[in-house]
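What follows is a single structure, written as structure tokens, with notes after it.
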Amino acid sequence: MGNDIDQVSRAQAEVLITELERVADGLVDRLERTGLTSRDVTSARTELYEVREHVRRLQHTYAIGAQPSV
24 MGNDIDQVSR
34 AQAEVLITEL
44 ERVADGLVDR
54 LERTGLTSRD
64 VTSARTELYE
74 VREHVRRLQH
84 TYAIGAQPSV
């Protein structure tokens, strides 16, 4: 039964990673827009780094390889 929980947790982590990568893609799109204030750029960069760190931690914790970019 413990193995089932591990598999369920891993599957949930994979879904969360996919969602976080979508968020990261949106942040990159936001950063590529022109006309952003330096405060907006700093905010988006900070959020992007945090999202990427969450993805790295999940990948490490659940032994999940990097997801291919779409």
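In this note's numbering, the protein residues as written are 24 to 93.
Ideal Cβ positions, reconstructed from N, Cα and C, are used throughout, including at glycine.
State the DSSP-derived secondary structure class of Tyr85, mapped to helix, strand or coil.
Coil, per DSSP.
State the DSSP-derived secondary structure class of Arg79, mapped to helix, strand or coil.
It is helical.
Can you say whether Ala67 is buried or exposed, counting buried as having 16 or more other CB atoms within 10 angstroms of its CB?
Buried, because 16 or more other Cβ atoms sit within 10 Å of the Cβ of Ala67.
Pick helix, strand or coil for Arg56, following the three-state DSSP scheme.
Note: Arg56 maps to coil in three-state DSSP.
Just the Cα atoms here: how many angstroms apart are Thr41 and Asp52?
Near 17 angstroms, if we compare the C-alpha coordinates of Asp52 and Thr41.
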